[in-house]
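Peer 1: Residue numbers (my numbering): 19 to 173. Positions of the beta carbon are idealized from the N, C-alpha and C atoms, including for glycine. Once you've had a glance at the structure underneath, I'll fire off some questions.
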Amino acid sequence: MLKAIPIGWCSWSFWIEDKAGRFAHIDMSWVLESAELDIDGERYRVRKPSAFGGSFELIRDGHVVATAGKRMMVRTFDVQAGDRPFELSALSVFGRAFRLSENGLQIGTMSPVSMWGRTAEVDFPDDFPRDVQVFLIWLVLILWRRAASSSAAAG
Numbered sequence: 019m020l021k022a023i024p025i026g027w028c029s030w031s032f033w034i035e036d037k038a039g040r041f042a043h044i045d046m047s048w049v050l051e052s053a054e055l056d057i058d059g060e061r062y063r064v065r066k067p068s069a070f071g072g073s074f075e076l077i078r079d080g081h082v083v084a085t086a087g088k089r090m091m092v093r094t095f096d097v098q099a100g101d102r103p104f105e106l107s108a109l110s111v112f113g114r115a116f117r118l119s120e121n122g123l124q125i126g127t128m129s130p131v132s133m134w135g136r137t138a139e140v141d142f143p144d145d146f147p148r149d150v151q152v153f154l155i156w157l158v159l160i161l162w163r164r165a166a167s168s169s170a171a172a173g
């Protein structure tokens, strides 16, 4: 079980920890949907390969580690990590909890600890590389940030 913890009250940057402690830092870009990740001392980037469209790439040392393409009109990503395809999707229309599925079977979840906060509990398979787990966490966080921005603008 992992936990994603915001670094500050208004920050969208996060610490990621497991039972042994912090092992990753997600530094969200303020303007673009991109990030710098520090995972077990290794540096990664998350970027959009194109200004248009909803796809993202996790990059380390110039090589793509994983990709995710967002489906139109739904909070679902089609993720490719190595030769394994996954689906990361919202559990409900309005909720903030997400499920990770492989071949149609739910294999993991990410959900907020409380209704009001941004701290999240993450239960992804142990055989997943940590960099892919942090990338999946970032994908959910970017959707949470979009929702927070749109609700703040509305009211």
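Taking the alpha-carbon of arginine 78 as reference, which of Val64, His43, Lys37 has the nearest alpha-carbon?
Peer 2: Of the candidates Val64, His43, Lys37, the one whose C-alpha sits nearest the C-alpha of arginine 78 is Val64.
Peer 1: Thinking C-beta only, is leucine 76 closer than 7 Å to tyrosine 62?
Peer 2: Their beta carbons are under 7 Å apart, which means tyrosine 62 touches leucine 76 by this criterion.
Peer 1: Tell me the DSSP secondary structure of tryptophan 112 in three-state form.
Peer 2: Here residue 112 turns out to be phenylalanine, not tryptophan, going by the sequence shown. If DSSP states are grouped into helix, strand and coil, phenylalanine 112 belongs with coil.
Peer 1: Counting contacts by CB-CB distance shorter than 7 Å, is valine 152 in contact with chain C?
Peer 2: Of the protein chains in the structure, only one exists, and it is not chain C.
Peer 1: With alanine 53 as the anchor, note down where its beta strand (DSSP E) starts and where it stops.
Peer 2: Alanine 53 -> beta strand (DSSP E) spans 53-57.
Peer 1: Going by other Cβ atoms of all chains shown within 10 Å of its Cβ, with 16 needed for buried, is arginine 93 buried or exposed?
Peer 2: Answer is buried; the Cβ neighbour count reaches 16.
Peer 1: Helix, strand or coil: how does DSSP classify alanine 171 here?
Peer 2: In this predicted model, alanine 171 has a pLDDT of only 49, less than 50, meaning its place in the structure is not dependable; the value taken from the coordinates is given anyway. The answer is helix: DSSP assigns alanine 171 an H, G or I state.
Peer 1: Measure the C-alpha to C-alpha separation of phenylalanine 146 and arginine 164 and round it to an integer number of angstroms.
Peer 2: Looking at the two C-alpha atoms, the distance is approximately 26 Å.
Peer 1: Per DSSP, which one or two residues make a beta bridge with arginine 78?
Peer 2: In DSSP, arginine 78 forms a bridge with His81.
Peer 1: With DSSP as the reference, label leucine 118 as helix, strand or coil.
Peer 2: Here leucine 118 sits in strand by DSSP.
Peer 1: Along the beta strand (DSSP E) that carries threonine 137, what are the first and last residues, could you check?
Peer 2: Segment: none, threonine 137 is in no beta strand (DSSP E) and carries neither H nor E.
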